[in-house]
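Beneath this line is the structure, given in C-alpha cells, with notes to follow.
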Ligand code: BGC
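In my numbering, the protein residues as written are 56 to 300.
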C-alpha cells in the first residue's frame, strides 16, 4: 500500500518539494520548485518552504534536506546558504512550522539514501561514493548500504580552492565550460576520490546528470560510474524516505 510523505530539498539555488511514495521511491506529485532567496536566512527560507508545502497537502512526518552538515538536527556549516543558519536547530524550526515531526538531514546524504534504496546503488554492497553536482558538490558514503553521514568531500582542496569552487555544476555554467572542459575538472576530482577512497561505484547526482549521456564518455576513473536514477529529484525522494524511518 502506498505511503505518501512530503520531501523538501533546500539547495543553494532552488528549493524543491514533492510527495513521495516511500514504499516505491516514486514521486506521487509533480516536483515543485522555487528559487532560494538571497540572502537565504531562516526568516526568508521558511516561508518559501511552507508555501511549497501548502501546495502539496500531506500528513505524517516530513523529510527536509539541507546543504549543510546537520548534527542532531542542528545546522553546523553554511557554505551555500546564509551563515545565519549556523547553530539553528533546523529540525525544531521546521517541526514548529509544519506542526509535524521533521527529519532534517544533509542534502547529499538524502540523495544517496534514495539512490542506495531505490536507484543506482540498489543491491551494491561495496563502498559507494555518491557525489551531487549543483551549486556545490555534496558527498555521501555508503558501505553495505549504510550511510556514513555528513562527509564534506566537496570541500577537499584542489588547485588551492575548495573542489566545489573548481568543478561544481554551478562553476560549469558560470564559466561557460563545455562538457569536455568541465569533465577534465571532474576527472581530476574523481581521481582524488579514487586515490583516497577506492569505492566500487561512483554515483553522480544533481540536475546536471540529466545530460549524463552527453558527458559520460568523457569521464574516466577506475571505479564504475553510474548516473543517479533520480537525477535532481534524489534529495526530495531521499528526504521523504529518511522521514519514513
Ligand atoms: C555543503 C554540503 C552540501 C553540498 C551540496 C556543500 O557546499 O558543504 O553540506 O551537501 O554543498 O549542496
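Glycine is no exception: its CB is placed at the ideal position from the N, C-alpha and C atoms.
DSSP, reduced to helix, strand and coil, places residue 161 within a strand of the structure shown. In the structure shown, residue 248 falls within a helical segment according to DSSP collapsed to helix, strand and coil. Within the same chain, 269, 270, 273 come within 7 angstroms of residue 234 by CB-CB distance, once the 5 residues on both sides are set aside. Of the residues 167, 176, 278, the one whose Cα lies closest to the Cα of residue 194 is 167.
Between ligand 1 and the CB of residue 271, the shortest heavy atom gap is not smaller than 7 angstroms. Under the three-pair Cβ rule at 8 angstroms, the stretch 130-145 does not count as touching the stretch 103-114. If you compare the alpha carbons of 81, 253, 201, 58 with that of residue 113, the shortest gap goes to 58.
Under the three-pair Cβ rule at 8 angstroms, the stretch 272-291 does not count as touching the stretch 127-134. Between ligand 1 and residue 192, a heavy atom-to-CB distance of less than 7 angstroms is present.
Secondary structure at residue 187: strand, using DSSP grouped into helix, strand and coil.
The beta carbon of residue 159 sits closer than 7 angstroms to the beta carbons of 119, 121, 125, 128, 145, 146, 149 from its chain, once the five residues preceding and following it are set aside; these are given in chain order. The three-state secondary structure of residue 73, taken from DSSP, is strand. Annotation for residue 90 indicates a beta carbon at 7 angstroms or more from all heavy atoms of ligand 1. Contact between the stretch 171-180 and the stretch 69-83 is present: three or more C-beta pairs spanning the two stretches fall below 8 angstroms.
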